[in-house]
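Counting the sequence shown from 1 gives a position; the working numbering is that position plus 7.
Beta carbons are placed, not taken as given, at the ideal position from N, Cα and C, and that holds for glycine.
Here the structure is a predicted model, which is why all the values come from computation and not from measurement.
Single-structure report; data block below.
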Amino acid sequence: MLRWLRIWKRRTAIEIASEMAYKGDFFLKSIGIAVIGVIGPLIALLIYSNSKGIAGWSFEQFLLLTGLFSLASGLNSLFTMAMTFRMLEKIRDGTYDIDLVRPMRPLSYALATSTDIDASAEILAGIAVISYALPKLGLHLATANVAASLLIIFLALLFFLSLNIIIVAFAFLFVNTYTLIDLFYEVAKIGKNPISVYGKTGSALLTYVFPIGLAAFYPAQALFGVLSLVEVLKLSLVAFGFLAFAIILWELGIRKYQSAGG
Numbered sequence: 008m009l010r011w012l013r014i015w016k017r018r019t020a021i022e023i024a025s026e027m028a029y030k031g032d033f034f035l036k037s038i039g040i041a042v043i044g045v046i047g048p049l050i051a052l053l054i055y056s057n058s059k060g061i062a063g064w065s066f067e068q069f070l071l072l073t074g075l076f077s078l079a080s081g082l083n084s085l086f087t088m089a090m091t092f093r094m095l096e097k098i099r100d101g102t103y104d105i106d107l108v109r110p111m112r113p114l115s116y117a118l119a120t121s122t123d124i125d126a127s128a129e130i131l132a133g134i135a136v137i138s139y140a141l142p143k144l145g146l147h148l149a150t151a152n153v154a155a156s157l158l159i160i161f162l163a164l165l166f167f168l169s170l171n172i173i174i175v176a177f178a179f180l181f182v183n184t185y186t187l188i189d190l191f192y193e194v195a196k197i198g199k200n201p202i203s204v205y206g207k208t209g210s211a212l213l214t215y216v217f218p219i220g221l222a223a224f225y226p227a228q229a230l231f232g233v234l235s236l237v238e239v240l241k242l243s244l245v246a247f248g249f250l251a252f253a254i255i256l257w258e259l260g261i262r263k264y265q266s267a268g269g
């Protein structure tokens with residue numbers, strides 16, 4: 008683990024230095040990402056200004072949901088999303104052999120070398136929205152509730168990691184799986200809304216089959232103090248189960264990898 012952290016720290020420092028070499032480009036991208044991050048709150052404002060909004064959710068609650076989703080999505084982009092694009096490029100070009108001979112498990116190395124600091128803007132935008140919404144809600148933020156919410160955000164990161172691993176696993180078999188990225192992440196946008204609006208069946212699917220509810224709905228529920236310890240444990244099992252499934256697919260897929268030399 009310490010070795011992995013050293014590699015991650017070194018590669019992240021290189022990534023930061025690379026971005027700072029073109030500061031104007033970096034700040035322009037960051038501003039663009041931050042602007043995209045506030046589109047959600049603006050849409051929420053329009054919805055609640057021109058209608059009754061979503062039943063059972065006040066404007067501030069929905070705003071909190073939006074901020075939590077931006078935070079989870081930003082963490083995914085920061086730590087795992089870059090892995091997918093870099094891996095797909097290497098697999099397509101048949102140059103992944105170099106990583107396979109390194110003295111570290113391929114998946115661990117891929118994660119250690121795939122930080123995307125541009126995503127920090129989306130994370131900051133999410134934190135800003137959350138920081139604005141929470142005082143408006145007047146919640147009594149018990150330590151246990153905050154801890155549960157942070158844990159579920161971590162579980163959401165595991166879910167996003169699992170999606171990225173699955174995409175790469177299929178790339179070992181079919182090479183071009185960019186369509187899967189579009190498919191998975193378009194469906195994941197459902198998580199910007201309260202999954203309760205999709206009814207009992209929809210909520211179950213978005214909790215146990217495609218658990219995008221981990222990204223915003225359940226962290227919000229934890230902050231509201233309506234999640235029990237048993238429910239948090241169930242969500243943990245779902246996230247780790249999804250990750251285990253993704254790793255199994257990875258192990259099966261990597262055996263089928265073919266280099267540029269065949």
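Arg93, enclosing alpha helix (DSSP H) - first and last residue: It spans 89-100 - the alpha helix (DSSP H) in which Arg93 sits, taken as one unbroken run.
CA nearest to the CA of Val194, picked from Ser203, Leu170, Gly206: Leu170
Limits of the alpha helix (DSSP H) - the one that Thr122 falls within: Run containing Thr122: none; DSSP gives neither H nor E here.
Whole runs of the alpha helix (DSSP H) within the region 177-212, excluding any shorter than 4 residues: 185-195, 206-211
Local conformation of Trp64 per DSSP, three classes: coil
Phe181, buried or exposed, once every other Cβ within 10 Å from all chains shown has been counted against 16: It is exposed - the Cβ of Phe181 has fewer than 16 other Cβ atoms within 10 Å.
Asp189 classed as buried or exposed, judged by whether at least 16 other C-beta atoms fall within 10 angstroms: exposed
Assigned secondary structure, Leu256 (DSSP; H/G/I helix, E/B strand, else coil): helix
Cβ separation of Leu144 and Leu75, assumed to be a contact under 8 Å, to the nearest whole Å: Incorrect: roughly 13 Å between the Cβ atoms, too far for contact.
First through last residue of the alpha helix (DSSP H) which encompasses Ser138: First-last of the alpha helix (DSSP H) with Ser138: 127-144.
Backbone CA spacing between Leu230 and Ala140 [nearest angstrom]: Straight-line Cα distance between these residues: approximately 12 Å.
Pick from Lys16, Ile254, Ser235 that is closest to Asp123, judged by C-alpha positions: Lys16
Cβ neighbour criterion (16 or more within 10 Å) applied to Asp125: buried
Same chain, Cβ closer than 7 Å to Gly60, neighbours up to 5 away in sequence not counted: Ile54, Phe66, Phe69
For Gly81 and Ile197, the rounded distance between their alpha carbons: Put simply, the backbone Cα of Ile197 is about 16 Å away from that of Gly81.
Check: Leu234 C-beta below 7 Å from any heavy atom of the ligand SAH: You won't find the ligand SAH in this model; it holds no ligand whatsoever.
Whole-Å CB distance - Pro201 paired with Ile159, under 8 Å assumed: Actually they are not in contact, since the Cβ atoms of Pro201 and Ile159 sit about 15 Å apart, beyond 8 Å.
Candidates Glu258, Met88, Ser203, of which the one nearest Trp64 by Cα: Ser203
Selection from Pro110, Leu118, Ala154, Leu85 that minimises the alpha carbon distance to Leu234: Ala154
Alpha-carbon to alpha-carbon, Ser77 and Ala128: 10 Å
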